[in-house]
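All letters in the sequence shown, in the order written, are residues 70 to 418 by the working numbering.
Glycine included, C-beta positions come from ideal geometry on N, C-alpha and C.
Have a look at the structure below, then the notes.
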Amino acid sequence: MATLATTPTVLSRVVHDLLSIQDAHKNFSIKLTNNGRNPKEERIGEGSFGSVFLGEASIDGHRREVVIKIARMTKDCTLAPRKRVTRLLREVVVWSVLNHCNVATFLGLDFSDTNVKQLMVMDASTDAPDHDLTRGLRMPGLVSPHLKWGILEYVKGRPNRREACVTDLARGLTYLHQNYVIHGDLRPENIRVDHDGVVKLIDFGFSKLEYCSGFTTGSYSGLSLRFTAPEVIIPPGGLPSRPTFKSDIYSFSMCMLQVLVYSCAPPHLSVPFNHLQQPESAAWKYLQAICMDAQRPLRENYPAVITDSQWNLMVRCWSHEKNLRLEIHQAFENLSGNRCTTSTGKCWL
């Protein structure tokens, strides 16, 4: 399959086609919930390539609190303009086909004039700098339900929900993998919990459709070293870094570790590799320890709330040799006691 074209004309047509074929996008209007205040006050998340705002949506006559993710297209963004467009398109395509209780729902695209600025993008055929751009594309916001808690915030006050949250996480990731989707950036910041206490995976900007050319990501500068598999941080043989099912399972185990201990340890001691307390800016320290020395979290450094079974499961998931890691469905079966038999959008158990 050929790589998707990234010119503004093609991208605009594809995004608008996605909008028109999604029934959920009908009768869809968005407004920021700032009530006349500075829109920046409604920004609830900020990443390397975009911002997330709180808003309200009118969906088939009902008001819902939502979040709107808008790609940053300014010169201070570290990603080239056309790559930002490609990343947004990939996220729309991947996310819009997912349907599972442990995956955040993709509600639609927001093209409203009040929320999305006229943004300039680079034509795929030119290497002109940002200030020379002359072609405009209205980039939509990606809209999803507002999920009340981050997973760490949620378990902090509900330690009895730690195991259930880890099982939910494994279930959601199993669904992705059974549908050939690699998340690519699994870390606590990308795991939310709704008002019913159900864990939801979010942020598919780094996601990859396995076996589908044109839906891979070449830049991973925004990833967290503590949660990213060593072969993605420093690829063998100097090849371009790519996420895999095996790198997802590594990230899952690091998330599992922090979720299990977060309610009974200071935040800085709940993180993976808590024996490495250098600032993230000292990246070489982490690269040496994690990638070259194959260090892993030390059990004696964490609270005794982790059972032998849980620790052994994590060890089997974060092996330095990726081919020795478990598959995510095996981890889910271990945690839930049930066998996965379906790849549909319905929740097991």
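Our two residues, Glu232 and Pro214, have alpha carbons roughly 24 Å apart in a direct line.
Annotation: Ala239 to Ser127 spans about 32 Å, alpha carbon to alpha carbon.
Close CB contacts of Asn343 within its chain, under the 6 Å cut and outside five residues either way in sequence, are with Asn370 (chain order). Non-local C-beta neighbours of Arg394 in its own chain, meaning closer than 6 Å and more than five positions away in sequence, comprise Lys315, Ile318, Cys386 and Ser388, ordered along the chain. Within a 10 Å sphere around the beta-carbon of Ser339 sit 16 or more other beta-carbons, which makes this residue buried. DSSP places His131 outside any alpha helix (DSSP H); the residue lies instead in the beta strand (DSSP E), whose first and last residues are His131 to Ala140. If you draw a straight line from the Cα of Asp272 to the Cα of Arg256, it is about 10 Å long.
The DSSP-derived three-state label of Asp237 is helix. Non-local beta-carbon contacts of Leu329 in its own chain, meaning distances under 6 Å to residues more than five positions away in sequence, involve Arg231 and Ile375 in chain order.
Within a 10 Å sphere around the beta-carbon of Tyr249 sit fewer than 16 other beta-carbons, which makes this residue exposed. Close CB contacts of Arg112 within its chain, under the 6 Å cut and outside five residues either way in sequence, are with Ser120 and Phe122 (chain order). According to the DSSP secondary-structure assignment, Lys391 is paired through a beta bridge with no residue.
In this structure, the beta-carbon distance from Pro299 to Cys360 falls below 8 Å.
Straight across, the Cα-Cα distance linking Val268 with Leu158 is about 25 Å. Residue range Ile260 to Val262 is occupied by the beta strand (DSSP E) that includes Ile260, with no alpha helix (DSSP H) assigned at that position.
According to the DSSP assignment, Ser213 belongs to the beta strand (DSSP E) that extends over Gly210 to Pro214. Leu326 and Asn171 do not touch by the CB rule: their CB atoms are close to 19 Å apart, not below 8 Å. Around the beta carbon of Gly124, 16 or more other beta carbons lie within 10 angstroms, which makes this residue buried. For Cys333, the closest alpha carbon among the candidates Arg227, Val163 and Gly177 is that of Arg227. DSSP, read as helix, strand or coil, puts Ile113 in strand.
Residue Leu167 holds the alpha-carbon nearest to the alpha-carbon of Gln247 among Gln357, Leu167, His131 and Lys354.
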